[in-house]
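This report refers to the structure that appears directly beneath it.
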Amino acid sequence: MSGKGTLGRHSPYRTLEPVLFDESPPPPPPPEDYEEEEAAVVEYSDRYPPWAPRAYLEKVVAIYDYTKDKEDELSFQEGAIIYVIKKNDDGWYEGVMNGVTGLFPGNCVESIMHYSE
Numbered sequence: 001m002s003g004k005g006t007l008g009r010h011s012p013y014r015t016l017e018p019v020l021f022d023e024s025p026p027p028p029p030p031p032e033d034y035e036e037e038e039a040a041v042v043e044y045s046d047r048y049p050p051w052a053p054r055a056y057l058e059k060v061v062a063i064y065d066y067t068k069d070k071e072d073e074l075s076f077q078e079g080a081i082i083y084v085i086k087k088n089d090d091g092w093y094e095g096v097m098n099g100v101t102g103l104f105p106g107n108c109v110e111s112i113m114h115y116s117e
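So, in structure tokens, the structure goes:
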């Protein structure tokens, strides 16, 4: 056997047909217990309450309790979810909680925008 023409008729290599990827894979089969799956979707949508504003800057959680000093402020307990609609230069935020809009100190909350909605 000479060193020339090794990819000829007696080559150990085969020519492969091109693979086309333009076809989408078939969709997955529906879950066996579809009602349970549907209930999970409803539970997920309940995470965005009907009173929440459609547009907001940030979703935050209270890390401290806060009792309002003025009528235009919000009172809340640690763990409360607030939708921030405005951030003032003085460190106070305006937000909506349980359908009520008011001011609160920004240092009492922490952003939860990085968590999955």
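In the UniProt record's numbering, the protein residues as written are 1 to 117. The beta carbon of each residue, even a glycine, is placed where N, CA and C say it ideally should be. Quantities reported herein were computed from a predicted structural model and do not represent experimental measurements.
Between the beta-carbon of Val96 and that of Ala55 there is about 11 Å, and that puts the pair past the 8 Å contact cut.
For Gly106, the three-state secondary structure derived from DSSP is helix. At the C-beta level, Asp69 and Glu78 stay beyond 7 Å of one another. With a minimum length of 3 residues, the unbroken runs of beta strand (DSSP E) contained wholly in the UniProt domain "SH3" (55–114) fall at 58–62, 81–87, 92–97, 100–105 and 109–111. Taking Tyr83 as the centre and dropping the five residues before and after it, the same chain places the C-beta of Ala52, Pro53, Tyr56, Lys59, Gly95 and Val96 closer than 7 Å to its C-beta, in chain order.
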